[in-house]
Amino acid sequence: MPSTVQLLDAASLLLASSWDMEPADFEARLESFLDESADRLAALRAVHLAAEAQAGAHRAEAERHRARVKGCERTGERVAALAERLLYARRELGESTTVPGVARLQLDGGKAPLAFAPGFVAAALPLHLCHVETSPDRDAIRAAIERGVTVPGVTLGTRGEGLRWA
């Protein structure tokens, strides 16, 4: 019987050679891998551990890329803010706020924003200017059903179960 280390090595090789396969092709490759093992559950656990390890490594790499993306986006935002200030300064000097082929100031699209006065209270608005929405309070409904109260149209479902590796 292969050791855990041998199973993990074989599982890592399986994943490395099949990460871009179609699901049906991977299922066939996995089935072949399992057929070669004396303990199918141990082999599945090894593939799971290898997949989780690889996912963790890719997740860490993706996080480094996300940090780099955020840095580039912040730089772009700072540069755009500086360019916008320069165009506003051009306006104050009586110069055009359009530099052909480079940048221009223009009004934002869409509707004009609403400006609410300090201390504005939405409840003071007439109802025809308000949205009134109701949504079920799931916790209150669940508590009522658990106390034996009948709630029309609602019952408690069955809790799911799932695999937990040892």
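Going by my numbering, the residue at position 124 of the sequence shown is 104; the numbering climbs one at a time, nothing skipped.
No residue lacks a Cβ here, since even glycine has one placed at the ideal position from N, Cα and C.
Cut-off 8 Å between Cβ atoms - residues of its own chain near T55, not counting five sequence neighbours on either side: none
I125 and L136 closer than 7 Å at C-beta: yes
Between which two residues does the alpha helix (DSSP H) holding Q(-14) run? First-last of the alpha helix (DSSP H) with Q(-14): T(-16) to A(-4).
Once DSSP output is grouped into helix, strand and coil, what is the label at V152? For the chain, the structure presents residues -19 to 146; residue 152 sits outside this window and is missing.
Among V131, C110 and L107, whose alpha-carbon lies nearest the alpha-carbon of R118? V131
Along the chain, where does the alpha helix (DSSP H) containing E41 start, and where does it finish? Element bounds for E41: R20 to E72.
Please report the distance separating the alpha-carbon of P(-18) from that of R39. If I take the Cα positions, the gap works out to 30 Å.
Anticipated Cβ contact below 8 Å, A26 with L(-12), distance rounded: 5 Å
When the Cβ atoms of the stretch 10 to 28 are set against those of the stretch 55 to 73, are three or more pairs found closer than 8 Å? Taking 8 Å as the limit for Cβ pairs, the verdict is that the stretch 55 to 73 does not touch the stretch 10 to 28.
Can you tell me whether DSSP reads R9 as helix, strand or coil? helix
Here's the rule: buried if 16 or more other CB atoms are within 10 angstroms of the residue's CB, otherwise exposed. What is L(-6)? buried
Secondary structure of R144, DSSP reduced to three states: coil
Count the CB pairs spanning the stretch -9 to 7 and the stretch 27 to 38 that are closer than 8 Å, and state whether there are at least three. yes
Report, in whole angstroms, the separation of the C-beta atoms of A102 and C110, which I expect to be a contact under 8 Å. 7 Å
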